[in-house]
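This report concerns only the one structure given below.
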Amino acid sequence: MELTGAQSLIKSLEQQGVEVMFGLPGGATLPVYDPIIDSSIRHVLVRHEQGAGHAAEGYAQVTGRPGVALVTSGPGATNVVTPLANAYMDSTPLVVVTGQVSRAAIGTDAFQEVDITGITAGVTKHNWLVTDASDIPRVVAEAFHIATTGRPGPVLVDFPKDVANQRTTWSDPGPVDLPGYSPPVDPDPQAIAAAADLLVRAERPVLYVGGGVVKASASAALAALVEVTGAPVVTTLMARGAFPDSHPLCLGMPGMHGNYTAVTAMQRADVLVALGSRFDDRVTGKVDAFAPGAKVVHVDVDRAEIGKVRRPDVAVVADCRAAIEALVAAIASRSGDDAADPSRLAPWVAQLDEWRARFPLVYDADAPSGASGAGRSAVKPQFVIEQLRAATPADTILVSGVGQHQMWASQHWTFDQPRTWVNSGGLGTMGFAVPAAIGAKVGRPDRTVWAVDGDGCFQMTAQELVTASAEQIPVKIAILNNAYLGMVRQWQHMFYEERYSEVYLSPDLPDYVLWAESMGCVGLRVHSPEEVLPAIEKANEIDDRPVVVDFRTDSMEQVYPMVPSGASNDDIVVHPSQQGELR
Amino acid sequence: MSARREPVGTGRVVPMRAAAGEPHGAARLRHHVVTLLVENKAGVLVRVAGLFARRGFNIFSLAVAPTHDPRFSRISIVVDVESAPLEQVVDQLDKLVNVVEITELHPLEAREAELLLLTVSADAVSRSQVIQLAEVFGARVVDVGTDALTVRFASSPEEIDDFEEVMRPYGIRELQRTGRIALPKLVRED
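Sequence order for the protein chains is A and B.
Residue numbering for the first sequence follows this note's numbering, beginning at 1 and increasing consecutively.
Residue numbering for the second sequence follows this note's numbering, beginning at 584 and increasing consecutively.
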């Protein structure tokens with residue numbers, strides 16, 4: 001059957017099982033947009049290409065399926081670079097198709113031409129410039145294969161306009177033939193045996209769980225590993241929900257704003273088992289002082305992560321789920337002196353419990369005295385998160401932007417299921433929340449989707465709420481409006497002698513309620529603690545349009561605990577009310 | 584460490600020398616030779632080079648050509664870096680979809696070869712000396728001008744260094760080296 005290159009592209013996407021894509025048309029993608037009218041694929045028309053990319057990320061993070069975005073050449077393509085970089089950092093499977101000028105015009109500085117394969121080489125797993133329409137079925141199959149296998153990540157297909165118009169035929173490309181690409185799957189039995197040895201004999205083990213566990217859908221395997229070993233778990237920012245916070249052996253989030261027990265457990269561990277985590281600087285603090293007494297087992301599907309930061313004693317290069325299942329089997333099959341005995345860990349667990357009792361996550365719940373001062377409010381941001389958690393269904397998907405609100409969300413929400421937490425971890429992309437929430441709701445329309453956003457973040461991508469209204473995607477946005485770029489303010493407060501430089505925004509410029517309403521959303525505003533729960537309940541009842549709640553929160557709040565940048569995790573700064581406990 | 588290739592004057596290049604106090608060629612042992620079997624596709628070289636550039640590693644020499652299998656090319660790269668960061672680069676090179684195989688060769692475990700073209704001043708007085716020296720090395724004169732000769736020399740990088748040094752007093756006018764290519768030394772039974 002003869003068809004155009006554009007039709008071949010859309011057909012190839014349909015063959016890959018794509019049900020939705022996020023995009024915005026332009027000159028170079030005109031031929032591609034025509035067959036979309038007749039396609040089974042839903043197209044969500046965003047208002048800015050960055051929104052298309054982040055929405056595709058949100059979709060991918062909650063479904064585990066690749067997110068797809070379609071944008072035009074030139075500025076359309078450069079606008080999607082930030083989402084690509086974000087997805088690359090957070091290992092999110094993404095397939096982005098960019099329009100390109102016609103082949104004959106490439107390299108001539110044609111209108112809306114940009115070398116997007118060159119620009120994105122460092123932020124994609126791979127990219128392609130399609131130079132002949134007959135290559136389309138093969139390239140699309142390769143693109144989805146690479147995006148979703150091994151360590152997942154973003155790929156980009158650059159699609160010249162004349163290739164879209166070329167007459168071609170479509171045939172099933174068959175299995176992909178990529179001689180240079182064969183991600184590891186099964187773990188080396190010897191490495192598993194060595195890891196099992198270390199773990200079984202450990203006196204102070206910690207399972208250091210990262211986003212790879214979520215990507216590999218390994219939560220059940222992880223639960224079995226905890227069951228058989230009795231080892232406690234820390235879940236990194238990317239892994240919140242991979243292991244339930246409600247489990248007695250879940251210590252919560254480690255790292256720069258991790259809780260005291262999670263941070264200190266790693267520091268004191270004798271065996272640290274890294275599962276799909278990458279020793280990020282926000283987790284390790286000063287690397288030389290990180291977990292100094294620990295033997296390290298590092299499980300990762302990406303060989304390049306092994307020894308990048310910390311040289312492991314045992315390396316397992318494999319799919320995380322396969323590796324954890326093999327580890328469970330290896331440990332369960334032992335008997336006698338070699339068998340795992342969770343009761344041996346009782347002193348360690350008692351120590352952890354003691355830390356948890358002394359250093360719980362706390363905040364100053366009391367209203368600041370004279371709550372009328374500049375930026376003061378009786379509404380504490382952490383209180384909003386707690387109320388939100390209490391008043392929403394257990395399987396609610398929580399999305400966040402980047403900054404103080406993100407840390408409070410990660411700390412104070414209780415995550416009990418994987419893929420219920422969507423945030424920008426590695427790149428730290430402000431403005432991620434609104435479009436990512438839209439993508440998450442498209443991927444899981446059955447779930448309640450709340451985004452916790454900062455006022456600074458919200459202003460970066462709020463226009464996508466127009467998309468949400470127009471496409472009837474009822475997301476809910478809680479703005480923790482403290483009138484500041486709060487995390488930068490916190491650093492200026494702590495490390496720059498309270499010399500605040502260019503961090504003040506404004507609580508009411510813009511007027512978030514009016515803005516929300518002008519975008520077709522319901523806008524609500526909360527000034528006092530008593531209004532918090534009623535506003536959340538009102539928002540929960542609205543299911544026919546997006547809701548934005550402008551929570552006026554206390555701008556003086558700091559995120560605690562905190563490990564200052566470059567410091568050892570031993571020098572963790574706990575909440576002022578707990579600082580006496582450290583002595 | 585001593586300077587290796589320093590541009591002097593108008594784009595001329597002085598030959599590589601060992602560091603002062605080191606035996607000749609010792610500087611070379613700091614070099615790492617990485618050879619990659621890659622798919623013969625557009626854009627592969629820039630992806631490979633990009634991983635070095637990102638870290639500020641200078642590529643000392645580079646040779647790319649097809650192999651016996653037309654689907655693949657072989658890239659030989661010489662870099663002067665510490666081992667630890669290089670290991671990280673090699674791991675990341677391995678992640679490139681178009682890179683099929685990577686071998687890191689220590690100079691002592693490799694058969695290396697390079698090709699040199701060199702134009703040297705050779706007037707009526709010096710011409711016969713230059714030709715004689717070329718013959719001693721096994722180099723061939725491939726072009727003859729009024730007061731200069733162009734010589735072609737294929738050998739190990741160390742011999743090429745020597746040859747350059749021997750030619751230098753006569754006045755090197757132009758010089759082009761291909762960059763080294765390398766294959767692992769074969770195992771021989773005793």
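Beta carbons: idealized from backbone N, C-alpha and C, even for Gly.
Assess, as a yes-or-no matter, whether the stretch 81-89 of chain A is touched by the stretch 415-423 of chain A under the definition of 3 or more beta carbon pairs within less than 8 Å.
no
Reference L70 of chain A, options A:R389, A:P31, A:R282 and A:A394, closest by Cα
Taking the first sequence and counting its residues from 1, one reaches residue 70 of chain A at position 70. Answer by Cα proximity: A:P31.
Considering only DSSP beta bridges, list what P154 of chain A is partnered with.
Counted from its first residue, the first sequence places residue 154 of chain A at position 154. A:L94.
Whose Cβ in chain B lies nearer than 9 Å to the Cβ of T143 of chain A?
If you number the first sequence from 1, residue 143 of chain A lands on position 143. In the sequence as presented, Thr is not what sits at residue 143 of chain A; that position holds Ala. Per Cβ cutoff of 9 Å: no residues; A143 of chain A is ~10 Å from chain B at best.
Using the Cβ count rule (16 or more neighbours within 10 Å means buried), how would you classify N681 of chain B?
Taking the second sequence and counting its residues from 1, the one referred to as residue 681 of chain B is at position 98. With 16 or more Cβ atoms within 10 Å of its Cβ, N681 of chain B is classed as buried.
Going by C-alpha to C-alpha distance, which of A:V200, A:L582, A:L345 and A:L225 sits closest to E325 of chain A?
For the purposes of this step, residue 325 of chain A is identified with residue 325 of the first sequence, where counting begins at 1. It is A:L225 whose Cα lies nearest to the Cα of E325 of chain A.
State the DSSP-derived secondary structure class of C521 of chain A, mapped to helix, strand or coil.
Here residue 521 of chain A corresponds to residue number 521 of the first sequence, with the count starting at 1. The answer is coil: DSSP assigns C521 of chain A none of H, G, I, E or B.
Alpha carbon to alpha carbon, what distance is there between L345 of chain A and W355 of chain A?
Stepping through the first sequence from its first residue, residue 355 of chain A is reached at position 355. Stepping through the first sequence from its first residue, residue 345 of chain A is reached at position 345. One C-alpha to the other measures close to 16 Å.
Are the CB atoms of P66 of chain A and L94 of chain A within a distance shorter than 8 Å?
Mapped onto the first sequence, residue 94 of chain A falls at position 94. Mapped onto the first sequence, residue 66 of chain A falls at position 66. The answer is yes: Cβ separation under 8 Å.
Would you give the residue range spanned by the alpha helix (DSSP H) that I714 of chain B belongs to?
Here residue 714 of chain B refers to the residue found at position 131 when the second sequence is read from its first residue. Start and end: R710 to F720.
Return yes when the Cβ of A516 of chain A is within less than 8 Å of the Cβ of V629 of chain B, no when it is not.
For the purposes of this step, residue 629 of chain B is taken as residue 46 along the second sequence, with counting starting at 1. For the purposes of this step, residue 516 of chain A is taken as residue 516 along the first sequence, with counting starting at 1. For V629 of chain B and A516 of chain A, no; Cβs fall outside 8 Å.
What whole-angstrom Cβ distance do V452 of chain A and H405 of chain A have, given they're in contact under 8 Å?
If you number the first sequence from 1, residue 452 of chain A lands on position 452. If you number the first sequence from 1, residue 405 of chain A lands on position 405. Confirmed, Cβ separation roughly 5 Å.
Three-state secondary structure (DSSP) at V703 of chain B?
As a working mapping, residue 703 of chain B is identified with position 120 in the second sequence. Reduced to three states, the DSSP call for V703 of chain B is strand.
Hey, how far is the Cα of G425 of chain A from the Cα of G401 of chain A?
Residue numbering aside, residue 425 of chain A sits at position 425 when the first sequence is read from its first letter. Residue numbering aside, residue 401 of chain A sits at position 401 when the first sequence is read from its first letter. Whole-angstrom Cα-Cα distance: 9 Å.
Is H247 of chain A buried or exposed, if buried means 16 or more other CB atoms sit within 10 Å of its CB?
Your numbering for residue 247 of chain A matches position 247 in the first sequence. Label assigned to H247 of chain A: exposed.
Does G99 of chain A come out as helix, strand or coil in the three-state DSSP assignment?
Here residue 99 of chain A refers to the residue found at position 99 of the first sequence. G99 of chain A: strand per DSSP, three-state reduction.
Measure the beta-carbon distance from A642 of chain A to Y208 of chain A and round it to whole angstroms, keeping in mind my assumption that it falls under 8 Å.
Since the displayed chain A opens at 1 and closes at 583, residue 642 of chain A lies outside it and no answer follows.
Distance check for F22 of chain A and D544 of chain A, CA to CA, integer angstroms please.
On the first sequence, position 544 is the one that residue 544 of chain A refers to. On the first sequence, position 22 is the one that residue 22 of chain A refers to. In a straight line, the C-alpha of D544 of chain A is about 21 Å away from that of F22 of chain A.
Closest residue to V616 of chain B among B:V631, B:E622, B:G633 and B:L645 (Cα-Cα distance):
Counting from one through the second sequence, the residue named residue 616 of chain B turns up at place 33. For the residues B:V631, B:E622, B:G633 and B:L645, the minimum Cα distance to V616 of chain B belongs to B:L645.
In whole angstroms, what is the alpha-carbon distance linking Y560 of chain A and S134 of chain A?
Locating residue 560 of chain A in the first sequence gives position 560, where the first residue counts as 1. Locating residue 134 of chain A in the first sequence gives position 134, where the first residue counts as 1. Looking at the two C-alpha atoms, the distance is approximately 57 Å.
Three or more C-beta pairs under 8 Å: does that hold for the stretch 541-557 of chain A against the stretch 506-513 of chain A?
yes
Identify the continuous alpha helix (DSSP H) that holds P31 of chain A and give its terminal residues.
Numbered from its first residue, the first sequence carries residue 31 of chain A at position 31. Note, P31 of chain A: alpha helix (DSSP H), L30 to I36.
Quick check on I146 of chain A - is its C-beta less than 8 Å from some C-beta in chain B?
In the first sequence, residue 146 of chain A corresponds to position 146, counting from 1. Output row for I146 of chain A: interface = yes.
How would you label V591 of chain B, buried or exposed, when you count the other beta carbons within 10 angstroms and need 16 or more for buried?
Reading the second sequence from its first residue, position 8 is the one you call residue 591 of chain B. Only weak support exists for where V591 of chain B lies, its pLDDT of 29 falling under 50; the coordinates are left without a value.
From what residue to what residue does the alpha helix (DSSP H) around Q492 of chain A run?
The sequence position of residue 492 of chain A within the first sequence is 492, counting from 1. That run of the alpha helix (DSSP H) goes G486 to F495.
Short of 7 Å in beta carbon distance, which residues of its chain neighbour Q7 of chain A, apart from the five on each side in sequence? Order them along the chain.
Here residue 7 of chain A refers to the residue found at position 7 of the first sequence. Answer for Q7 of chain A: P35, listed in chain order.
Between A:A202, A:S555 and A:A191, which lies nearest to G293 of chain A when the distance is taken from Cα to Cα?
Indexing the first sequence from 1 puts residue 293 of chain A at position 293. Taking only the C-alpha atoms, the option nearest G293 of chain A is A:A202.
Go through the stretch 183-217 of chain A residue by residue and report every complete run of the alpha helix (DSSP H) that reaches 4 residues or more, in order.
189-201 and 211-215
Going by DSSP, what residue range makes up the beta strand (DSSP E) through V621 of chain B?
For this step, residue 621 of chain B is matched to residue 38 along the second sequence. Per DSSP, V621 of chain B belongs to the beta strand (DSSP E) from H615 to E622.
I need the straight-line Cα distance from E305 of chain A to R278 of chain A, nearest angstrom please.
On the first sequence, position 305 is the one that residue 305 of chain A refers to. On the first sequence, position 278 is the one that residue 278 of chain A refers to. Roughly 6 Å separates the two Cα atoms.
Pairwise C-alpha distance: V140 of chain A and L638 of chain A
What the structure shows of chain A is the stretch from 1 to 583, and residue 638 of chain A is not part of that stretch, so it cannot be assessed.
Residue burial classification, G728 of chain B (beta-carbon count within 10 angstroms, cutoff 16)
If you number the second sequence from 1, residue 728 of chain B lands on position 145. Burial call: exposed.
Report yes or no: is there a C-beta of chain B within less than 8 Å of the C-beta of P179 of chain A?
Within the first sequence, numbered from 1, the residue matching residue 179 of chain A stands at position 179. Yes, its Cβ sits closer than 8 Å to a Cβ of chain B.
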